[in-house]
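Taking it in order: structure first as structure tokens, then the write-up.
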Amino acid sequence: MDNAVSNVSFALSVPLSLPDSASPSLYVFGASMVDNGENAVAMPLRQYADFEPYGSDYFGKPTGRWSNGRNFMDFITQGLGIGLLSPYLQSIGSDFTYGVNFASSGSTARNTTASGSDSGGLFCLLVQIEQFRKFQDLVVSRQKSKLRKQRMRQHFANSIYFIETAHNDYVSVAFHSEDFDAVSFTETVIAAIRDALQALYDSGARTFIVMNLTPLGCDPGTATNEYRNENRDEYGCKLDYLELAIMHNERLVELLNEFNANYSSAQWIIFDAYSIMLDAYHNPSNYGVKYPFQACCGYGGGKYNCNSDVICGQSVKFANGTYAVAKKCQDPSLHIIWDITHPTESFSEYLARGVLDGTYLSPSINLREKFSISMSGAKQ
């Protein structure tokens with residue numbers, strides 16, 4: 053990756069609010085489902101969800117989030133009482149007191165190209181972790197005494213590390229050629245996640261929440277692409293993609309079990325986003341949803357309202373001279389999916405509940421209690 057991009061000087065972001073050693077923080081890594089504007093800050097001319105109608109239903113303007121408002125990480129941090137996390141590269145108005153968001157839209161778990169990702173992302177998972185290490189070094193170096201430095205290192209050990217990754221690895225490669233080997237490719241992705249978790253552990257992280265893959269083949273993006281259209285379940289989801297997601301998720305559980313066996317003093321937790329979204333696709337009325345497979349902001353109408361050539365908020369001129377515009381639907385809350393693949397703000401809240409309530413965490417952890425006790429202690 054170009055050093056001018058990957059090694060953006062963190063000095064640009066100072067002075068800023070840094071963590072309190074007495075309180076835990078939440079450090080977020082991943083891709084567009086949890087990106088709070090990292091790509092939009094890093095490359096403002098590339099239009100990373102930095103145009104209308106993104107952000108319209110909460111912020112009143114685009115913020116670089118791939119949502120009509122908040123993403124599910126925003127609901128988690130607000131539910132913990134720590135507000136919205138700033139993206140790492142944001143140099144104006146950043147507040148890193150209770151965490152940092154390193155997530156980069158389009159990123160992959162693998163580091164496969166000169167740009168760090170073969171899906172359009174700026175910072176692959178390992179680059180994000182390297183950014184975290186720079187942040188960690190800066191925070192520790194600013195402590196005046198040896199004791200304060202030790203306490204700050206303990207802060208990083210007491211914090212939560214949330215990882216959402218691998219979706220782009222699969223959708224950018226899976227089934228694009230006849231010789232695609234699902235088992236071999238999955239092992240490559242899992243190996244990349246293993247390297248990332250090991251790097252975080254070696255940096256002092258001790259509580260990990262790793263999100264599994266959502267149901268590939270059900271969202272408008274993968275359901276309407278040109279690959280593996282012949283095998284679908286009764287809901288219209290592509291079975292080959294679903295089986296790939298299941299394979300990845302099973303291997304992810306095995307990986308975390310492996311880490312737990314080797315490092316039992318740490319917590320290795322799966323966030324089962326797959327089950328939440330699959331249940332919503334199968335039982336949409338339980339979530340207040342009327343159009344489970346249809347993109348709210350898209351083009352084409354029908355079951356999916358999705359055309360990969362006409363992305364949300366953009367207009368395209370076809371060869372015959374006609375124009376197509378991907379517009380926002382009237383009521384996003386009736387949809388699971390906002391654009392081609394990302395959840396609406398309303399459905400993001402359901403995903404966040406699975407984390408905050410601990411119902412879709414295995415093993416379960418009470419994040420609200422962890423943050424409320426620590427923060428009340430810090431205020432005394």
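Just so we're aligned, residue 53 is where the sequence shown starts under the numbering used here, counting upward by one. Glycine included, every Cβ here is placed at the ideal spot set by N, Cα and C.
### Task
Name the one or two DSSP bridge partners that K369 has.
Counting from one through the sequence shown, the residue named residue 369 turns up at place 317. K369 pairs with Y375.
### Query
So who's on the other strand from R284, going by DSSP bridges?
Along the sequence shown, read from residue 1 onward, the residue named residue 284 stands at position 232. Looking at the DSSP assignment, R284 forms a beta bridge with K290.
### Query
When the Cα atoms are used, what is the spatial distance from V341 to E401?
One-based indexing of the sequence shown puts residue 341 at position 289. One-based indexing of the sequence shown puts residue 401 at position 349. The C-alpha of V341 lies about 13 Å from the C-alpha of E401.
#### Entry: Cα-Cα separation between F124 and D391, rounded to whole angstroms
Within the sequence shown, residue 124 is the residue found at index 72, counting from 1. Within the sequence shown, residue 391 is the residue found at index 339, counting from 1. Roughly 15 Å separates the two Cα atoms.
### Query
Based on Cα-Cα distance, which residue from T259, C349 and A275 lies nearest to Y315?
What you label residue 315 is simply residue 263 of the sequence shown in a count that begins at 1. The shortest C-alpha separation from Y315 is found at T259.
### Task
Verify whether the separation of the beta carbon atoms of E397 and Y110 is less than 8 Å.
Stepping through the sequence shown from its first residue, residue 397 is reached at position 345. Stepping through the sequence shown from its first residue, residue 110 is reached at position 58. Cβ atoms of E397 and Y110: closer than 8 Å.
### Task
Taking E216 as part of the beta strand (DSSP E), name the residues at either end of that continuous run.
Working through the sequence shown from its first residue, we reach residue 216 at position 164. Unbroken beta strand (DSSP E) run through E216: I212 to E216.
### Message
Helix, strand or coil, according to DSSP, for T259 in the structure here?
### Response
Here residue 259 corresponds to residue number 207 of the sequence shown, with the count starting at 1. If DSSP states are grouped into helix, strand and coil, T259 belongs with the strands.
### Task
Please report how far the alpha carbon of K472 lies from the alpha carbon of C364, in whole angstroms.
The requested residue 472 does not occur in the structure, where the chain is confined to residues 53 to 432.
### Task
Return the Cβ separation of P76 and S193 in integer angstroms, given the expectation that the two are a contact with Cβ distance under 8 Å.
For this step, residue 76 is matched to residue 24 along the sequence shown. For this step, residue 193 is matched to residue 141 along the sequence shown. The beta-carbon distance between P76 and S193, rounded to whole angstroms, is 20 Å. This is too long to meet the 8 Å contact definition.
### Task
State the DSSP-derived secondary structure class of I417, mapped to helix, strand or coil.
Looking up residue 417 in the sequence shown gives position 365. Shown here, I417 sits in coil according to DSSP, grouped into three states, outside any helix or strand.
### Message
Short of 6 Å in beta carbon distance, which residues of its chain neighbour T393, apart from the five on each side in sequence? Order them along the chain.
### Response
Translated into positions along the sequence shown, residue 393 becomes position 341. D271 and G273.
### Query
Looking at the unbroken alpha helix (DSSP H) that takes in I322, where does it start and where does it end?
Taking the sequence shown and counting its residues from 1, the one referred to as residue 322 is at position 270. Taken as a continuous stretch (DSSP letters only), I322 belongs to no alpha helix (DSSP H), being part of the beta strand (DSSP E) at Q319 to F323.
### Message
Is it buried or exposed, S416, if we count other Cβ atoms within 10 angstroms and call 16 or more buried?
### Response
Counted from its first residue, the sequence shown places residue 416 at position 364. Burial call: exposed.
### Task
Name the residue from I134, S229 and R162 whose alpha carbon lies nearest to the alpha carbon of N153.
By 1-based counting over the sequence shown, the position of residue 153 is 101. Of I134, S229 and R162, the residue nearest in Cα terms is I134.
### Query
Identify the residues that DSSP records as bridge partners of L78: which are they?
Taking the first residue of the sequence shown as 1, we reach residue 78 at position 26. Its beta-bridge partners are G151 and I212.
#### Entry: Outcome for S167 when other beta-carbon atoms lying within 10 angstroms are tallied against a minimum of 16
Here residue 167 refers to the residue found at position 115 when the sequence shown is read from its first residue. Only weak support exists for where S167 lies, its pLDDT of 47 falling under 50; the value from the coordinates is given anyway. The residue in question, S167, is buried, as its Cβ has 16 or more Cβ neighbours within 10 Å.
### Query
If you compare alpha carbons, which of S337, I181, L419 and S424 is closest to I245?
Working through the sequence shown from its first residue, we reach residue 245 at position 193. With distances taken between Cα atoms, I245 lies closest to I181.
### Message
Spatial neighbours of D126 within its chain, please: C-beta separation below 6 Å, excluding the five flanking residues on both sides.
### Response
As a position in the sequence shown, residue 126 is number 74, starting the count at 1. Excluding sequence neighbours, D126 sits near L136.
### Message
Counting C-beta neighbours from all protein chains within 10 Å, is the total for T129 16 or more, i.e. buried, or is it exposed?
### Response
As a first step, residue 129 must be located in the sequence shown, where it is residue number 77. Result: buried.
### Task
Apply the 10 Å Cβ neighbour rule to T160 and answer buried if 16 or more other Cβ atoms are within range, or exposed otherwise.
Here residue 160 is taken as the residue at index 108 of the sequence shown, counted from 1. Buried: at least 16 other Cβ atoms inside 10 Å.
### Task
Answer yes or no: the CB of L308 versus the heavy atoms of the ligand HEM, is any distance below 7 Å?
In terms of ligand content, the structure shown is empty, and the ligand HEM therefore cannot be addressed.
#### Entry: Simplified DSSP state of G116, which is helix, strand or coil
Counting from 1 along the sequence shown, the entry for residue 116 is found at position 64. Residue state, collapsed to three classes: coil.
### Query
For the alpha helix (DSSP H) that contains Q130, what are its first and last residues?
On the sequence shown, position 78 is the one that residue 130 refers to. First-last of the alpha helix (DSSP H) with Q130: F124 to G131.
### Query
In the structure shown, what three-state DSSP assignment does P267 receive?
As a first step, residue 267 is located in the sequence shown; it is residue number 215 there, counting from the start. Coil, per DSSP.
### Query
Run through DSSP, which three-state label would Y343 get?
In the sequence shown, counting from the first residue as 1, residue 343 sits at position 291. Three-state DSSP puts Y343 in a strand.
### Query
Between the C-alpha atoms of Q183 and Y213, what's the straight-line distance to the nearest angstrom?
In the sequence shown, residue 183 corresponds to position 131, counting from 1. In the sequence shown, residue 213 corresponds to position 161, counting from 1. Distance between the alpha carbons of Q183 and Y213 is about 14 Å.
### Query
DSSP three-state call for P272: helix, strand or coil?
By one-based count along the sequence shown, residue 272 stands at place 220. The answer is helix: DSSP assigns P272 an H, G or I state.
### Message
Mapping the DSSP letters down to three states, classify H387 as helix, strand or coil.
### Response
Sequence index remark: in the sequence shown, residue 387 carries index 335 (1-based). In this structure, H387 counts as strand in the three-state DSSP scheme.
### Query
Who are the Cβ neighbours of H228 in its own chain at under 7 Å, not counting the five residues just before and after it?
Position 176 of the sequence shown, counted from the start, is the residue given in the question as residue 228. Y279, listed in sequence order.
### Task
Can you give me the Cβ contacts of K380 inside the same chain, cut-off strictly under 6 Å, excluding the 5 residues immediately before and after it?
One-based indexing of the sequence shown puts residue 380 at position 328. For K380, where only same-chain residues beyond five positions count, the Cβ hits under 6 Å are P105 and C349.
### Inter-residue CB distance, L419 and L132 (contact presumed, cutoff 8 Å)
Along the sequence shown, one-based indexing puts residue 419 at 367. Along the sequence shown, one-based indexing puts residue 132 at 80. Yes, L419 and L132 are in contact; Cβ-Cβ is about 6 Å, under 8 Å.
### Task
Given a cut-off of 8 Å, decide if S236 and R185 are closer than it, judged by their beta-carbon atoms.
For this step, residue 185 is matched to residue 133 along the sequence shown. For this step, residue 236 is matched to residue 184 along the sequence shown. No, the Cβ-Cβ distance between R185 and S236 is not below 8 Å.
### Message
Can you tell me where the alpha helix (DSSP H) holding F184 begins and where it ends?
### Response
Position 132 of the sequence shown, counted from the start, is the residue given in the question as residue 184. For F184, the enclosing alpha helix (DSSP H) covers residues L177 to S193.
### Message
Which same chain residues end up closer than 6 Å to M263 when comparing Cβ atoms and leaving out the 5 residues on each side of it in sequence?
### Response
In the sequence shown, residue 263 corresponds to position 211, counting from 1. Closer than 6 Å at the Cβ level, and outside the excluded window around M263, lie E216, F323 and A325.
### Task
Kindly indicate which three-state DSSP category P336 falls into: helix, strand or coil?
Looking up residue 336 in the sequence shown gives position 284. Three-state DSSP puts P336 in a helix.
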